[in-house]
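**Q** Just dropping this structure here.
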Amino acid sequence: MSELKLMKGNEALAEAAIRVGADAYFGYPITPQSEVLEYLSREAHARTGMVVLQAESEVASINMVYGAAGTGKKVFTSSSSPGMSLMQEGISYIACAELPCLLVNVNRGGPGLGTIQPGQGDYFQSVKGGGHGDYKMIVLAPSTVQEMADFVKLGFELAYKYRNPILILTDGALGQMMEKVELFSQQDRTFEDLGWNIIGRSNGRDSNVITSLHLKADKMEEINIRLQKKYNEMRKNEVRYETVNCDDADYIIVAYGLVARICQKSAQLARDKGLKVGVIRPITLFPYPEEVINNYADKVKGMFVVEMNAGQMLEDVKLSVNGKVPVEFHGRMGGVVPQPEEILEKLEEKLLGGSK
Amino acid sequence: MNEKRMLDDQHFEQMIEEESICTTDNKVYEAPLDALYDTAMHYCPGCGHGVVHRILAEVIEEMGIIKDIIGVAPVGCSVLAYNYLNIDMSEAAHGRASAAATGIKRVLPEKYVFSYQGDGDLAAIGTGETIHTCNRGENILILFINNGIYGMTGGQMAPTTLPGMKSTTSPFGRDVETMGAPLKITDLVAQLPGTAYVTRQSVHKPGNVRKTKKAIQKALEYQKNGDGGTCFVEVVSNCPSNWKMTPVQSNKWMEENMLPFYPLGDLKKPNGKEK
Ligand SMILES: Cc1ncc(C[n+]2csc(CCOP(=O)(O)OP(=O)(O)O)c2C)c(N)n1
Ligand code: SF4
Ligand SMILES: [Mg+2]
């Protein structure tokens, strides 16, 4: 039975993980995501038997996730920007060993120790690699507390579908804000022999091995080719996005997460003034909704990208638009959240400029 | 065996050919094990790693726990341990084997879990994970192969390299003034309430091989009983290749230099038991 609750984003995410029947969480405190570990420490074990362990560092948490994910159990971790940086070696290992698991980055303003205020400066790290080598994760970008919960379920489904790490990339504001959330009903914790997982060598088979080491170059290339094939499947099947008032629009704002919500307000303000503005909100940041952006580029006079960083997703929008129309950008950094009026003003200044 | 030589097919082939030197009539023993693949290991002649693999496999087989044990291989010369041990295994990032083992044990508490780690892996890059795994008293076995050097990467200084000992990065001998003294991490973890059984053994003589085998068996039995915490078995070992010695010389050198610094014996036994 589903249930309606008023919850913080971080808590909704943690609650969803309990309800989806996750087996283990390994994490380390960092603002603005500590509520995930705190909530799970209070709630999870007693309700479902989920393992909740505070590790000694994010390096340890991601490697605990690596170990546990090899057993085929449903495991996850969460952190915020500096902690995610520490996890990158482990994520690369997980991607190469093709282990299903869920990762959450409650992005804060950087670089360095930065600020605990929300940011989107980890887009490149999340979408373009972060760790070493050619690997990809499906990156889900929620824009509501509801999606913070829903994407936990979706994330685990995708993780097992592709045997791949899945990242929820959210931010400090979504983690901290309270909203109404409809929670799905409690699911059982299940466990099975998936054929590849390490659960003890049984049934007369030879050993199962989880590894990312392939010393011979031709073998390593083979693995890479297989991974790239899988990423192409993701590109084909998993693109998710939302469009708001784009069909008659003259200008389209492209933004993700919290910023997309703010931009919807800006678009409304624009329409009040008679300016036809729509919003495209990429929900998956990898795979990226290139095609929809490219198609809309045929219909509009310009695209406007808004982010809480110096212009990272901007590059993907430019690649998608492929020079068809001007692409302009407005960004705030270091934890500053742009305001609806400010965004509209910048859009008018940069896209309409002299022509108005 | 460094990474470059692992890659060297010719070297592999040569090793396999060398196998034919032992014929059916001059073999010391023949005991095929289900827990050990019947294949040539890549370890250099006389290296302790191969011996430890063999006795580990023997213990697993004798205890009848092949289907109940999961191992974690490190980054180091024994990175390919899973090519020899025919049990479910995970390779781990350099230094993180005990964290990966923690993850496995926490979700499969009914299984036996061990990590197999070198001294660079366990006592340099992975020191944090080692200390905290032991401090939480994770109910696993940590098997620690201390050869006083980075074998895999070609003989650089390890945290366990002896004072005055030469390596490629301490070419004039380890100077404790600037490089620090060797880290006796086994003594350190013995101090933690989370460890149940801490022992230091070696495999340079038949008697020592038997003792090490016994120690591994005890550690797995303690794990089964689940009382007490982490079991930590150090094996003081050799690296003939990077020590630039013959196997025989290396064992002699180990006995004369390593063992006085890293004395063999139990450092800690489970509460009240085995006295
Ligand atoms: C993050 C990272 N840093 C460095 C290395 C390179 N590296 C591989 S093995 C090794 C040292 C291994 O020495 P030890 O743990 O003593 O094992 P041994 O080979 O002596 O058995 C190093 C530094 C690596 N693989 N990963
Ligand atoms: S002798 Fe040294 S280099 Fe050779 S396999 Fe053993 S530890 Fe590695
Ligand atoms: Mg070593």
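Line by line, the protein sequences are chains R and H. Taking the working numbering, I'd label the letters of the first sequence as residues -6 to 349. Taking the working numbering, I'd label the letters of the second sequence as residues 13 to 287. Yeah, the Cβ is synthetic: ideal placement off N, Cα and C, and Gly gets one too. Predicted model only: the values in this text are computed from it and were never measured.
In its own chain, which residues sit with a C-beta less than 7 Å from the C-beta of F149 (chain R), not counting the 5 before and 5 after it?
**A** Here residue 149 (chain R) is taken as the residue at index 156 of the first sequence, counted from 1. So the list reads V13, K67, L95, once near-sequence residues are dropped.
**Q** For G58 (chain H), verify whether its CB is less than 7 Å away from any heavy atom of ligand 3.
**A** On the second sequence, residue 58 (chain H) is found 46 positions in, with the first residue counted as 1. Not under cutoff, so the answer is no.
**Q** Against A368 (chain R), what residues of chain H qualify as contacts under a CB-to-CB distance less than 7 Å, listed in chain order?
**A** Given that chain R is displayed from residue -6 to residue 349, the structure contains no residue 368 (chain R) and the question cannot be resolved.
**Q** Where does D309 (chain R) fall in DSSP's three states?
**A** Here residue 309 (chain R) refers to the residue found at position 316 when the first sequence is read from its first residue. The answer is helix: DSSP assigns D309 (chain R) an H, G or I state.
**Q** Can you tell me which of the three DSSP states I116 (chain H) falls into?
**A** As a working mapping, residue 116 (chain H) is identified with position 104 in the second sequence. Three-state result, I116 (chain H): helix.
**Q** Given a cut-off of 8 Å, decide if D164 (chain R) and G250 (chain R) are closer than it, judged by their beta-carbon atoms.
**A** On the first sequence, residue 250 (chain R) is found 257 positions in, with the first residue counted as 1. On the first sequence, residue 164 (chain R) is found 171 positions in, with the first residue counted as 1. Yes, the Cβ-Cβ distance between G250 (chain R) and D164 (chain R) is below 8 Å.
**Q** Does the segment 238 to 255 of chain H come into contact with the segment 46 to 63 of chain H, if we say contact requires no fewer than three beta-carbon pairs (one atom in each stretch) closer than 8 Å?
**A** Counting Cβ pairs under 8 Å, three or more are found: they touch.
**Q** Using CA coordinates, which residue listed in R:T277, R:I273, R:M306, R:P319 is at the minimum distance from K294 (chain R)?
**A** Position 301 of the first sequence, counted from the start, is the residue given in the question as residue 294 (chain R). Here the closest residue by C-alpha is R:P319.
**Q** Taking the beta carbon of V247 (chain R) as the centre, do at least 16 other beta carbons fall within 10 Å, making it buried, or is it exposed?
**A** Taking the first residue of the first sequence as 1, we reach residue 247 (chain R) at position 254. Buried is the call here.
**Q** Chain R partners of H1 (chain H), CB-CB under 8 Å?
**A** Here chain H comprises residues numbered 13 to 287, so residue 1 (chain H) is not present and cannot be evaluated.
**Q** With a threshold of 8 Å between beta carbons, is K212 (chain R) in contact with chain H?
**A** As a first step, residue 212 (chain R) is located in the first sequence; it is residue number 219 there, counting from the start. Chain H, which has no Cβ nearer than 8 Å to the Cβ of K212 (chain R), makes this no.
**Q** Would you mind giving the Cβ-Cβ distance between G63 (chain R) and N157 (chain R), rounded to the nearest angstrom? I have them listed as a contact below 8 Å.
**A** Along the first sequence, one-based indexing puts residue 63 (chain R) at 70. Along the first sequence, one-based indexing puts residue 157 (chain R) at 164. Contact flag wrong, Cβ pair sits at about 14 Å.
**Q** How would you list, in chain order, the residues of chain C whose beta-carbon sits under 8 Å from the beta-carbon of I82 (chain H)?
**A** Looking at the structure shown, chain C is missing, and the protein chains on hand are R and H.
**Q** Is the segment 74 to 87 of chain R in contact with the segment 256 to 263 of chain R, if contact means three or more CB pairs nearer than 8 Å?
**A** Judged by Cβ distances under 8 Å, the segment 74 to 87 of chain R makes no contact with the segment 256 to 263 of chain R, as fewer than three pairs qualify.
**Q** For ligand 1, I want to know if V87 (chain H) counts as a neighbour, meaning its beta carbon is within less than 7 Å of at least one of the ligand's heavy atoms.
**A** Counting from one through the second sequence, the residue named residue 87 (chain H) turns up at place 75. Within the cutoff, so yes.
**Q** Could I get the ranges of all uninterrupted beta strand (DSSP E) runs contained in the segment 183 to 216 of chain H, with 3 residues as the minimum, in chain order?
**A** Those beta strand (DSSP E) runs which fall completely within the segment 183 to 216 of chain H and span 3+ residues are 207 to 214.
**Q** Note the first and the last residue of the continuous beta strand (DSSP E) segment covering I131 (chain R).
**A** Translated into the one-based positions of the first sequence, residue 131 (chain R) becomes position 138. Counting along the chain, the beta strand (DSSP E) containing I131 (chain R) begins and ends at 131 to 133.
**Q** Kindly indicate if chain R contains any beta-carbon less than 8 Å away from that of A52 (chain H).
**A** Residue mapping note: residue 52 (chain H) aligns to position 40 of the second sequence, counting from 1. No - not a single Cβ of chain R is within 8 Å of the one on A52 (chain H).
**Q** If you reduce the DSSP assignment to three classes, tell me which class K280 (chain H) lands in.
**A** In the second sequence, residue 280 (chain H) corresponds to position 268, counting from 1. Of the three classes helix, strand and coil, the one that applies to K280 (chain H) here is strand, per DSSP.
**Q** Along the segment 76 to 98 of chain R, where does the CB come closer than 7 Å to a CB of chain H? Name the residues.
**A** Cβ contacts with chain H come from E82, G83, Y86.
**Q** Taking DSSP's pairing of strands, which residues face I216 (chain R) in a bridge?
**A** As a first step, residue 216 (chain R) must be located in the first sequence, where it is residue number 223. Looking at the DSSP assignment, I216 (chain R) forms no beta bridge with any residue, so it has no partner.
**Q** Mapping DSSP to helix, strand and coil, what is R101 (chain R)?
**A** Within the first sequence, residue 101 (chain R) is the residue found at index 108, counting from 1. Residue state, collapsed to three classes: strand.
**Q** Consider the Cβ of D16 (chain R): report whether some Cβ of chain H lies at a distance smaller than 8 Å.
**A** What you label residue 16 (chain R) is simply residue 23 of the first sequence in a count that begins at 1. So, interface residue.
**Q** Let me know the secondary structure DSSP gives N158 (chain H) once reduced to three states.
**A** Numbered from 1 along the second sequence, position 146 holds the residue referred to as residue 158 (chain H). Reduced to three states, the DSSP call for N158 (chain H) is strand.
**Q** Using a threshold of 8 Å, state whether the C-beta atoms of E100 (chain H) and R254 (chain R) are closer than that.
**A** Counting from 1 along the second sequence, the entry for residue 100 (chain H) is found at position 88. Counting from 1 along the first sequence, the entry for residue 254 (chain R) is found at position 261. What sits at residue 100 (chain H) in the sequence shown is Asp, not Glu. Contact: no.
**Q** Give me the chain R residues within the contact set of A105 (chain H), using Cβ-Cβ distance strictly less than 7 Å, ordered along the chain.
**A** As a first step, residue 105 (chain H) must be located in the second sequence, where it is residue number 93. The contacting residues are N56, E82, G83, Y86.
**Q** Looking at the secondary structure, which residues open and close the beta strand (DSSP E) in which K236 (chain H) lies?
**A** Taking the first residue of the second sequence as 1, we reach residue 236 (chain H) at position 224. From DSSP, K236 (chain H) is part of no beta strand (DSSP E) but of the alpha helix (DSSP H) over 218 to 237.
**Q** Should the segment 128 to 138 of chain H be called in touch with the segment 105 to 116 of chain H, which here means at least 3 C-beta pairs below 8 Å?
**A** Touching, yes.
**Q** So, with DSSP's three-state summary, where would you put S127 (chain H)?
**A** For the purposes of this step, residue 127 (chain H) is taken as residue 115 along the second sequence, with counting starting at 1. Of the three classes helix, strand and coil, the one that applies to S127 (chain H) here is strand, per DSSP.
**Q** What separation, rounded to the nearest whole angstrom, lies between the Cα atoms of E342 (chain R) and L(-1) (chain R)?
**A** By one-based count along the first sequence, residue 342 (chain R) stands at place 349. By one-based count along the first sequence, residue -1 (chain R) stands at place 6. Spanning the two alpha carbons is a distance of roughly 39 Å.
**Q** Examine ligand 2 and report whether any of its heavy atoms sits within less than 7 Å of the Cβ of C251 (chain H).
**A** One-based indexing of the second sequence puts residue 251 (chain H) at position 239. For ligand 2, at least one heavy atom lies less than 7 Å from the Cβ of C251 (chain H).
**Q** Is it right to say P104 (chain R) is buried, meaning 16 or more other beta carbons lie within 10 angstroms of its own, or is it exposed?
**A** In the first sequence, residue 104 (chain R) corresponds to position 111, counting from 1. It counts as exposed.
**Q** I'd like to confirm the pairing. Which residues does DSSP put opposite E172 (chain R) in its beta bridges?
**A** What you label residue 172 (chain R) is simply residue 179 of the first sequence in a count that begins at 1. In DSSP, E172 (chain R) forms a bridge with R:M0.
**Q** In angstroms with no decimal places, state the Cα-to-Cα distance between M141 (chain R) and F279 (chain R).
**A** Within the first sequence, numbered from 1, the residue matching residue 141 (chain R) stands at position 148. Within the first sequence, numbered from 1, the residue matching residue 279 (chain R) stands at position 286. M141 (chain R) and F279 (chain R): Cα-Cα distance of roughly 17 Å.
**Q** Flag D131 (chain H) as yes when its Cβ comes closer than 7 Å to any non-hydrogen atom of ligand 3, and as no otherwise.
**A** Looking up residue 131 (chain H) in the second sequence gives position 119. It does: the Cβ of D131 (chain H) is within 7 Å (strictly closer) of some heavy atom of ligand 3.
**Q** Checking contacts by CB at 8 Å: is G140 (chain H) closer than that to chain R?
**A** If you number the second sequence from 1, residue 140 (chain H) lands on position 128. Yes, contact with chain R.
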